[in-house]
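Undergrad:
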Amino acid sequence: MDISYDGTDFSGWARQPSRRTVCGVLEDTLAQILRVPQIRLTVAGRTDAGVHASGQVAHVDLAEVPEPYRLNRALPGDIRILGAREVPFDFDARFSALRRHYTYRVSDAVVEPLQRNHIVAWPRPLDVSLLNAAAQTLLGTHDFVAFCKRREGATTIRELQRLEWHRSDDVLVAEVSADAFCHSMVRSLVGALLAVGEGRKSPDWPATLLTAESRSSTVTVAPAHGLILTKVDYPPDDRLAARAAETRNVRTLTEA
Numbered sequence: 044m045d046i047s048y049d050g051t052d053f054s055g056w057a058r059q060p061s062r063r064t065v066c067g068v069l070e071d072t073l074a075q076i077l078r079v080p081q082i083r084l085t086v087a088g089r090t091d092a093g094v095h096a097s098g099q100v101a102h103v104d105l106a107e108v109p110e111p112y113r114l115n116r117a118l119p120g121d122i123r124i125l126g127a128r129e130v131p132f133d134f135d136a137r138f139s140a141l142r143r144h145y146t147y148r149v150s151d152a153v154v155e156p157l158q159r160n161h162i163v164a165w166p167r168p169l170d171v172s173l174l175n176a177a178a179q180t181l182l183g184t185h186d187f188v189a190f191c192k193r194r195e196g197a198t199t200i201r202e203l204q205r206l207e208w209h210r211s212d213d214v215l216v217a218e219v220s221a222d223a224f225c226h227s228m229v230r231s232l233v234g235a236l237l238a239v240g241e242g243r244k245s246p247d248w249p250a251t252l253l254t255a256e257s258r259s260s261t262v263t264v265a266p267a268h269g270l271i272l273t274k275v276d277y278p279p280d281d282r283l284a285a286r287a288a289e290t291r292n293v294r295t296l297t298e299a
């Protein structure tokens, strides 16, 4: 299923007791509409509280493909199923993914009230050339532990494939792509770059953090509401199983 949601009123993707989450709402609604006792979704990327998605992907094992129109009639207005289709048995929304794409939007001018939940208002002028100079030093395969909240048993080695800023009037947009992202990585990268863009840090400072052995206390995590998961890429059907097996292997920098 291809899914879009406004993350403003959700406590993130992952189901949590007594909290409204994207996964919880979707699973409960699907189970009710399809008249099955339980639904368990596997998602491409678990977004944090307040983060939005226009191109999220999830899979579920069902006897037949549900009709998106039927599901959307039962879902709240801040979630929509954009499409649903049958996929090969080897498909895994999380492990088969080749890369994820995000955008982050921030404005160094006045943010209109109707945009306040999707664009971060920044109090100081930002220099796009400085943002891009610093961003280029972070590309490639690195241990991004300085920019991540470490999870037990998980690697923080990632291949950052794109990190590029451009300005459209008063809004600055970051385009970020990687094979995968660890917890809070995109927002931490953005937070570090914004410190450069406003002149508080030098363009070479973010890259010095790539040698860190733990999360850096000098990196501020940028606000969640500026972030959107826009797309997830997958390989051809005959490469799905191989990609999933490759992704499940915990990487080291030597292997990378």
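Just so we're aligned: the sequence shown equals residues 44 to 299 in this note's numbering. Glycine included, every Cβ here is placed at the ideal spot set by N, Cα and C.
1) What's the gap between the Cα of residue 299 and the Cα of residue 153?
2) Spatial neighbours of residue 171 within its chain, please: CB distance less than 6 Å, with the 5 preceding and 5 following residues excluded, ordered by chain position.
3) Since residue 81 is in the beta strand (DSSP E), which residue starts that stretch and which ends it?
4) Counting only runs that start and end within the segment 104-178, where is the beta strand (DSSP E) found for 3 or more residues in a row?
5) How many angstroms separate the CA atom of residue 177 from the CA atom of residue 249?
6) Nearest-angstrom Cα distance between residue 281 and residue 134?
7) Residues in the same chain with beta-carbon distance under 7 Å from residue 240, minus the five sequence neighbours each way, listed in chain order, please.
8) Excluding the 5 residues flanking residue 253 on each side, which residues of the same chain have their C-beta closer than 8 Å to its C-beta?
9) Are residue 206 and residue 157 close, meaning C-beta to C-beta below 9 Å?
10) With a Cβ-Cβ cutoff of 9 Å, do residue 52 and residue 124 count as a contact?
11) Out of 219, 275, 284, point me to the one whose CA is closest to residue 141's CA.
12) Who are the near neighbours of residue 49 in its chain, counting only those whose CB is closer than 6 Å to its CB and skipping five residues on each side?
13) Taking just the CA atoms, how far does residue 80 sit from residue 214?
14) If distances are taken between C-alpha atoms only, which option among 75, 62, 104, 118 comes closest to residue 92?
15) Check the C-beta distance from residue 291 over to residue 224 and give it rounded, since I have them as a contact under 8 Å.
TA: Taking the structure as given:
1) Residue placement at residue 299 is flagged as unreliable, the pLDDT there being 47, under the threshold of 50; the coordinate-derived value follows with that caveat. Whole-angstrom Cα-Cα distance: 43 Å.
2) Within the same chain, 208, 210 come within 6 Å of residue 171 by CB-CB distance, once the 5 residues on both sides are set aside.
3) From DSSP, residue 81 is part of no beta strand (DSSP E); its letter is neither H nor E.
4) Whole beta strand (DSSP E) segments, 3+ residues: 122-126, 142-150.
5) Those two C-alpha atoms are separated by around 7 Å.
6) Spanning the alpha carbons of residue 281 and residue 134 requires a straight line of approximately 10 Å.
7) Same-chain partners within the cutoff: 169, 170, 173, 174.
8) Closer than 8 Å at the Cβ level, and outside the excluded window around residue 253, lie 181, 185, 186, 187, 189.
9) In this structure, residue 157 does not lie closer than 9 Å to residue 206 by Cβ.
10) Not in contact: residue 52 and residue 124 (Cβ atoms no closer than 9 Å).
11) Looking at the Cα atoms, 275 is the closest of the given residues.
12) Same-chain partners within the cutoff: 95, 121.
13) Going by the C-alpha atoms only, they are around 46 Å apart.
14) The shortest Cα separation from residue 92 among 75, 62, 104, 118 belongs to 62.
15) So it is not a contact: roughly 17 Å between Cβ atoms.
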